[in-house]
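Q: Pasting a structure below so you can have a look.
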Amino acid sequence: MSSGAGGRAASRPGEGGSSVSVAGVTLDVARRTAVLPAAGRSISLTPVQAAVLGYLMHRPGRICTRTELMCEALGYPNPIGSRTVDVHIASLRTKLGGALEIHAVRGVGYALDPPRVPHSSVSPRSDEVP
Numbered sequence: 714m715s716s717g718a719g720g721r722a723a724s725r726p727g728e729g730g731s732s733v734s735v736a737g738v739t740l741d742v743a744r745r746t747a748v749l750p751a752a753g754r755s756i757s758l759t760p761v762q763a764a765v766l767g768y769l770m771h772r773p774g775r776i777c778t779r780t781e782l783m784c785e786a787l788g789y790p791n792p793i794g795s796r797t798v799d800v801h802i803a804s805l806r807t808k809l810g811g812a813l814e815i816h817a818v819r820g821v822g823y824a825l826d827p828p829r830v831p832h833s834s835v836s837p838r839s840d841e842v843p
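If you count the sequence shown from 1, position 120 lands on 833 in our numbering, and the numbers rise without skipping.
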């Protein structure tokens, strides 16, 4: 494995297969591409972007700390500057163009919004008590 951020961003143990889907977006970690069906396109990701996005996609709705992202997703033995994660998240947001929402949790880290389930349009039966 190579040294540097590219080498550390390889698929992490325990992340499941080489692809994951959330809210219609499919990430192929091995190929470092994300398919954005709503936008009708596929995007290329750097190894670091693919690792961070994959980590978040395996944990939709969960707040992931900057330290967790650096150590678990990117494989750094010790956290370096927290701005490192911020810069990668900013570039991911730009590339995703709103296909997935990555929210900052001030002073903590980031969370990928879970997919929204549309409300049922079925009305309750008239004999049911609310």
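Positions of the beta carbon are idealized from the N, C-alpha and C atoms, including for glycine.
Can you give me the start and stop residues for the alpha helix (DSSP H) that Gly767 sits inside?
A: On the sequence shown, residue 767 is found 54 positions in, with the first residue counted as 1. Where Gly767 is concerned, the enclosing alpha helix (DSSP H) stretches over 760 to 770.
Q: If you reduce the DSSP assignment to three classes, tell me which class Ser668 lands in.
A: What the structure shows of the chain is the stretch from 714 to 843, and residue 668 is not part of that stretch, so it cannot be assessed.
Q: Name, in chain order, the residues that DSSP records as bridge partners for Val800.
A: On the sequence shown, residue 800 is found 87 positions in, with the first residue counted as 1. DSSP output for Val800 lists no bridge partner at all.
Q: Within its chain, find whatever has a CB closer than 6 Å to the CB of Gly822; leave out the 5 residues flanking it on each side and keep chain order.
A: Here the question's residue 822 lines up with position 109 in the sequence shown. Cβ within range, chain order: Ile776, Cys777, Thr778, Arg779.
Q: Going along the chain, which residues of its own chain have a beta-carbon closer than 7 Å to the beta-carbon of Ala817, five neighbours each way excluded?
A: Sequence index remark: in the sequence shown, residue 817 carries index 104 (1-based). So the qualifying residues of the chain are Tyr823.
Q: When the Cα atoms are used, what is the spatial distance from Asn791 to Ser755?
A: The residue you call residue 791 lines up with position 78 of the sequence shown. The residue you call residue 755 lines up with position 42 of the sequence shown. Spanning the two alpha carbons is a distance of roughly 33 Å.
Q: Please state the DSSP three-state secondary structure of Ala743.
A: Within the sequence shown, numbered from 1, the residue matching residue 743 stands at position 30. DSSP places Ala743 in coil when its eight states are reduced to three.
Q: When you compare only the Cα positions, how much space is there between Arg745 and Gly767?
A: Taking the first residue of the sequence shown as position 1, residue 745 is located at position 32. Taking the first residue of the sequence shown as position 1, residue 767 is located at position 54. Approximately 10 Å between the Cα atoms of the pair.
Q: What residues in its chain sit with their C-beta under 7 Å from that of Arg806, if we drop five residues either side in the sequence?
A: Start at 1 with the first residue of the sequence shown, and residue 806 comes out as number 93. Same-chain partners within the cutoff: Ile815.
Q: Over the uninterrupted beta strand (DSSP E) stretch that includes Tyr823, give me the two end residues.
A: Residue 823 sits at position 110 when you count from the first residue of the sequence shown. From DSSP, the beta strand (DSSP E) with Tyr823 extends over 822 to 825.
Q: Going along the chain, which residues of its own chain have a beta-carbon closer than 7 Å to the beta-carbon of Thr797, five neighbours each way excluded?
A: Position 84 of the sequence shown, counting from 1, holds the residue named residue 797. Met783.
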